[in-house]
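Before any comments, here is the structure.
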Amino acid sequence: MPGDHSPFSSSYAQARRKFLEAADAAGLRVETRPHPLPGLEGEPLAMDVARDGPPDAARLLILSSACHGVEGFCGSGVQVAALRDTAWRRRAADAGIAVLYVHALNPYGFSHIGRTTHENVDLNRNFHDFSQALPVNAAYREVHPLLVPPDWPPSQENEQAIARYLAEHGERAYQAAVSGGQYEYADGLFYGGRAPAWSNLAVREVLRTHGRRAGRIAWIDVHTGLGPSGVGERIFAGRDDAACLARARAWWGGPQGKGITSIYDGTSTSALLTGLMFTSIYDECPQAEYTGMALEYGTVPVMETFQALRAEQWLRRHPEVPREKADAIRKQVLAAFYTDTDAWREQVLGQAREALEQAADGLAA
Ligand SMILES: [Zn+2]
191 MPGDHSPFSS SYAQARRKFL EAADAAGLRV ETRPHPLPGL EGEPLAMDVA RDGPPDAARL
251 LILSSACHGV EGFCGSGVQV AALRDTAWRR RAADAGIAVL YVHALNPYGF SHIGRTTHEN
311 VDLNRNFHDF SQALPVNAAY REVHPLLVPP DWPPSQENEQ AIARYLAEHG ERAYQAAVSG
371 GQYEYADGLF YGGRAPAWSN LAVREVLRTH GRRAGRIAWI DVHTGLGPSG VGERIFAGRD
431 DAACLARARA WWGGPQGKGI TSIYDGTSTS ALLTGLMFTS IYDECPQAEY TGMALEYGTV
491 PVMETFQALR AEQWLRRHPE VPREKADAIR KQVLAAFYTD TDAWREQVLG QAREALEQAA
551 DGLAA
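In my numbering, the protein residues as written are 191 to 555.
Rendered as structure tokens:
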């Protein structure tokens, strides 16, 4: 694990301290939204927000971490590195851009080394109008009983049943069934919830506070766990809208625009999803021209990621297991969403820095 000088951390508490210290060193005030529950080591949890730039800036760039809890080990490092980067801060300021750092969208999952919120909600499936009918994921119904078996590690019988499903339907269909999001099984995987999660309400408040005076808003939300190791896939995060996608392609897509992938046309390693967090910007900041992406860094093969998430869910159902076994599962989950090598961290920071600069250029144009 990295040391104190690294922007990366080995716990939520350390990550939060580094974020607060970096904001303080940059002369920024931090707004804290306390979370109702304690962290894994009993520490307080919060969504912390630092704004670098005037409150009435016409252009706003949001950089957020830990939408999926444990993925914050990566995203927090990106944020701390940016806050410590005086050249980056000057560049954004010179372009008239305020940068909003939202640290730990889902602090509970970050601290407890899990992907979901304390409500067991996948925050990036939770942004629905809950007065309307929720999407039905029929394929999930079939795999749900297999995903979280009574024993962990799973029995041979269970592993064979999953292998049969994979052989019959293929890995892509399995991924879509599992990760597409579901609203029926509160104790299942990729559960989108039946009401807005704490983090959903908190981030909406942040957007209302900081986003209503900006004419143009860009949002980079850092994720991990999909795609080739160390490669930051730039996944378009906006409505299925040609103008918005064209902007994202021009800013982040490289010479041919192919550097941006989309869940709408099958170019992304991600399945087609609904209830995504970016939809909140249309609700809360309707005046703004919005452009956004998820920066999704690869770690391990997706089947390993799913195995870790199955273990995470099993642990949630069995809080009584010995500490040693729980720690081993948390270690497995962390390894699926964060690669603890200098090479991986350097790849992460280099690509993030490039994406930030491109966003600043795009917003300023
Ligand atoms: Zn994620």
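Note that the Cβ used here is the ideal one computed from N, Cα and C, for glycine as well.
From a predicted model like this one, the values you see are computed outputs, not experimental measurements.
By DSSP's criteria, residue i is part of a beta bridge. Which residues make up the other side?
i, result
"Thr529", "DSSP output for Thr529 lists no bridge partner at all."
"Thr414", "Tyr487"
"Gln372", "Tyr381"
"Glu423", "Glu486"
"Ser254", "Val292 and Asp411"
"Pro224", "Ala236"
"Glu479", "Arg406"
"Thr451", "Ile425"
"Arg249", "Ile287 and Arg406"
"Arg362", "Looking at the DSSP assignment, Arg362 forms no beta bridge with any residue, so it has no partner."
"Arg241", "Leu290"
With a cut-off of 8 Å, does the C-beta of residue i fall near any C-beta of chain B?
i, result
"Gly482", "Of the chains in the structure shown, none is chain B; there is only one protein chain."
Going by the beta-carbon positions, is the gap between residue i and residue j smaller than 8 Å?
i, j, result
"Gly488", "Val412", "no"
"Val260", "Gly299", "yes"
"Gly382", "Asn310", "no"
"Ile410", "Ser458", "no"
"Ile450", "Trp442", "yes"
"Pro224", "Arg274", "no"
"Arg500", "Val326", "no"
"Val184", "Leu290", "No answer is possible for residue 184: the residues shown for the chain start at 191 and end at 555."
"Phe263", "Phe527", "yes"
"Val292", "Val368", "no"
"Thr414", "Glu486", "yes"
"Ala288", "Ala247", "yes"
"Ala387", "Thr464", "no"
"Leu295", "Ser389", "yes"
"Tyr480", "Gly428", "yes"
"Ser255", "Gly243", "no"
"Glu233", "Ser321", "no"
"Leu356", "Asn348", "no"
"His318", "Gly378", "no"
"Leu546", "Leu324", "no"
"Gln365", "Val538", "no"
"Glu474", "Gly401", "yes"
"Ser460", "Val393", "no"
"Ile303", "Arg513", "no"
Answer yes or no: the CB of residue i versus the heavy atoms of ligand 1, is any distance below 7 Å?
i, result
"Gly415", "yes"
"Asn390", "no"
"His258", "yes"
"Asn310", "no"
"Asn296", "no"
"Glu502", "no"
"Glu494", "no"
"Glu261", "yes"
"Asn314", "yes"
Three CB pairs or more closer than 8 Å across the region 539-550 and the region 275-284: Contact between the region 539-550 and the region 275-284 is present, because at least three Cβ pairs lie under 8 Å.
Inter-stretch contact at 8 Å, needing at least 3 Cβ pairs: the region 338-354 / the region 500-518: They touch, by the three-pair rule.
The region 201-218 contacting the region 357-377, beta-carbon criterion three pairs below 8 Å: Result no; under three Cβ-Cβ pairs closer than 8 Å.
Inter-stretch contact at 8 Å, needing at least 3 Cβ pairs: the region 392-406 / the region 432-446: Contact between the region 392-406 and the region 432-446 is not established, with fewer than three Cβ pairs separated by less than 8 Å.
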